[in-house]
Every structure is written in structure tokens, then in C-alpha cells.
Amino acid sequence: MYKYIVAAVIAAALLFGIYFTLNHKQQRGTSMEEKKNEFVTRDSGLQYLILNEGSGAQAKAGDMATVHYTGWLYDPNALEFKGKKFDSSVDRGKPFQFGLGAGMVIRGWDEGVALMKVGDKRTFILPAKLAYGSNAVGGIIPANATLVFDVELLKLN
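Residue numbers for the sequence shown follow the numbering used here, beginning at 0 and rising by one.
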């Protein structure tokens, strides 16, 4: 009798595991498609998703922007499209500052941050033409890479 109970418990655990795995993959696929549809796409190819709306000043060309960011290689199959992380001011604990619209950063950042207000946090998906184009960077970012960034606009000067 004990053997039958153990066998039944093992069978139930296996069936639950299979069901959970299949159901989780379906939900993840659906949620990724839905997530992709939440992004706003601009004519330039920049895609963005507002994670948090700030109430501060609107950024404009000529401002000195201070941001926190994390960058990943784009992976269409990864959670939130975030593949391998390649850089993060958050991890370093030191915000990054740049002149907005001055060409100090990749084009996608100049365009994307100019759409933000202080306190905004957004996810940007940048096609290669708005990032590093056909150039590979430091053995970390391959040529023609689409990049994903979470950017939080901390302040403007």
C-alpha cells in the first residue's frame, strides 16, 4: 500500500511540474507580446515605455541631465527584452551627467531623455542606428546591436 501512495505522489508531482512548465511558458510568451505592445514607437525607431511618471521640469536641448541608467543587449526572448547587462550607473552608485542635445551620448539617449521630465523612469529600446551602429564597442557590445536601457532622470541643470 505504501508503494502505491508514493507512486501516486510522484506521479502527481510530475504532472504538476509539466503543467506548471507549459503554463508558465504560455503566460510568459503572451506577456512578452503584450509588453512589446505597451511601448511607444517613434518615427526614428526609438521605442520607450514609461515606468514612472515624474512631475519635475521637462528636459530640453542645452540642459545638463543627470541620470541613473542600466544597459542590456536586446534579447527578444528575455524577460522585458533585457539580455546581457553591459553597464550600470546604478551598480556603481554614481549617476551619469551629460549635456542634452550636444552629441555627448548616443543619439537614442539624446532623443529619449529629451522626452522626459525630472522623476521619469523609462525603458528605451534603441535600434543600432540610434546606438553604436555598425561599430562594436569594447568587446562588450557587438556591431549592429539593439540596446535596452532603463533610464531615470534625476535632475536638470
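Every residue, glycine too, gets a C-beta built ideally from N, C-alpha and C.
The model shown is predicted, which means the values in this text are computed figures rather than measured ones.
Any chain C beta carbon closer than 7 Å to residue i
i: Pro141; result: In the displayed structure, chain C is absent; only one protein chain is listed.
Residue i versus residue j - alpha carbon distance
i: Leu45; j: Leu153; result: 21 Å
i: Asp119; j: Ser54; result: 8 Å
i: Ile140; j: Phe85; result: 8 Å
i: Glu110; j: Gly100; result: 8 Å
i: Val112; j: Asn76; result: 26 Å
i: Asn36; j: Phe148; result: 17 Å
i: Lys34; j: Tyr73; result: 14 Å
i: Phe38; j: Arg121; result: 10 Å
i: Arg41; j: Thr65; result: 23 Å
i: Glu79; j: Glu151; result: 17 Å
i: Gly82; j: Gly138; result: 16 Å
i: Leu146; j: Val117; result: 23 Å
i: Asn143; j: Pro94; result: 27 Å
i: Leu68; j: Gly92; result: Sequence check: residue 68 is Tyr here, not Leu. Each residue's Cα considered, the two are about 10 Å apart.
i: Phe97; j: Ala56; result: 16 Å
Opening and closing residue of the alpha helix (DSSP H) in which residue i lies
i: Glu110; result: Arg106 to Val112
i: Asp90; result: Ser88 to Arg91
Residues sharing a beta bridge with residue i, DSSP
i: Phe148; result: Gly70 and Phe123
i: Asn36; result: Beta-bridge pairing links Asn36 to no other residue.
i: Gly98; result: Met63
i: Lys116; result: Gln57
i: Ile140; result: Val136
i: Leu155; result: Ala64
Residue range of the unbroken beta strand (DSSP E) whose run includes residue i
i: Ile49; result: Gln46 to Asn51
i: Gly132; result: No beta strand (DSSP E) holds Gly132; DSSP gives it neither H nor E.
Distance between beta carbons of residue j and residue i, contact taken as under 8 Å
i: Asp62; j: Leu155; result: 5 Å
i: Ser43; j: Gly70; result: Their Cβ separation, rounded to whole angstroms, is 18 Å, which puts Ser43 and Gly70 out of contact at 8 Å.
i: Met115; j: Ala60; result: That belief does not hold up - the Cβ atoms of Met115 and Ala60 are roughly 13 Å apart, past 8 Å.
Is it true that the region 126-138 meets the region 47-57, where meeting means three or more beta-carbon pairs spaced less than 8 Å apart? no
Is it a yes or a no for the region 98-106 touching the region 122-130, going by three-plus beta-carbon pairs under 8 Å? yes
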